[in-house]
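If you count by my numbering, then the sequence shown holds residues 1 to 165, one letter each, in order. Ideal Cβ placement from N, Cα and C applies to all residues, glycine included.
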Amino acid sequence: MKILISEIPDEGLDIENEENIESDSIRSPVQIELRIDKVGTEVMIRGNLTAKADLQCSRCATDFHSLLTIPVDAVYHPVEELKGDENHEVESDALNIDFYTGDELDIHILVHEQVMLALPMKPLCSDICKGICPECGTDLNTGTCTCSTHTVDPRLEVLKKYFPE
Ligand SMILES: [Zn+2]
Ligand SMILES: [Zn+2]
Numbered sequence: 001m002k003i004l005i006s007e008i009p010d011e012g013l014d015i016e017n018e019e020n021i022e023s024d025s026i027r028s029p030v031q032i033e034l035r036i037d038k039v040g041t042e043v044m045i046r047g048n049l050t051a052k053a054d055l056q057c058s059r060c061a062t063d064f065h066s067l068l069t070i071p072v073d074a075v076y077h078p079v080e081e082l083k084g085d086e087n088h089e090v091e092s093d094a095l096n097i098d099f100y101t102g103d104e105l106d107i108h109i110l111v112h113e114q115v116m117l118a119l120p121m122k123p124l125c126s127d128i129c130k131g132i133c134p135e136c137g138t139d140l141n142t143g144t145c146t147c148s149t150h151t152v153d154p155r156l157e158v159l160k161k162y163f164p165e
C-alpha cells in the first residue's frame, strides 16, 4: 500500500487496512490502524499494527502463536533533504526519522520493518518454559527424566557427602 504525500489532506488520514508481508513467522495479514499527518514536508505516522506470529520456542521447540501489538510512531522527511545538508544527517541519527522518495511513501516497507523488529529473537512459549533436557531430549514441560540428577551444580556436589542417601 502506497501513500501519495500530496494527497494527504490537511486534516490527516486514517488508515485501516491489512498488509501481507513476506515472513515465515507471519502467515496471516498484518492489521493496520494508522493515522497519517502532514506538516509541511514532514509526514508523521502513528498508530498500531497487529500481527499474528507463528513462532517456535527457543527452549523446547514447540510451535506456538503470539499476537503482537506493535505501536508505530514514525516521522518521514523527503530524502532530498539529506543531500548536501549535514545538519539533517546528524538529526536523522539522533531521532527516529525515515525518508520518503518523491511523492510516495510505502506503508508496506514500514509495516515490514516494524513487524520484523517486533519479532522476538528468542521466542519463549512461556516465561516458565523448562526447555528440553540437553542429555536425553525429554521435553521437561510435559515429562521428567533422570538426567537432571546427574547434573548437580558443582557447588552443591560438595554438600552431597554431608547428606548420604
Ligand atoms: Zn517452550
Ligand atoms: Zn534427560
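Item: For P78, the residue or residues it bridges with in DSSP; Value: Y100
Item: As assigned by DSSP and simplified to three states, the class of V90; Value: A caution first: V90 carries a pLDDT of 48, below 50, which makes its placement in the model too unreliable to give a value.
Item: Any non-hydrogen atom of ligand 2 within 7 Å of T233 CB; Value: There is simply no residue 233 to check, as the chain begins at 1 and stops at 165 in what is shown.
Item: Among I8, D139, I32, L119, the one whose alpha carbon lies nearest that of E42; Value: I8
Item: Meets three-Cβ-pair contact criterion under 8 Å: the stretch 48–56 and the stretch 20–37; Value: yes
Item: Backbone secondary structure at I3 - three-state DSSP; Value: strand
Item: Proximity below 8 Å, CB of P166 to CB of S23; Value: No answer is possible for residue 166: the residues shown for the chain start at 1 and end at 165.
Item: Spatial distance of R35 from Y76 (CA atoms); Value: 13 Å
Item: Euclidean distance between Cα positions of N96 and A74; Value: 7 Å
Item: Pair within 8 Å by beta-carbon distance, V111 and I3; Value: no
Item: Proximity test, C60 beta-carbon vs ligand 2 heavy atom, cut-off 7 Å; Value: no
Item: C125 burial status per 10 Å Cβ neighbour count (16 or more: buried); Value: buried
Item: Proximity test, C125 beta-carbon vs ligand 1 heavy atom, cut-off 7 Å; Value: yes
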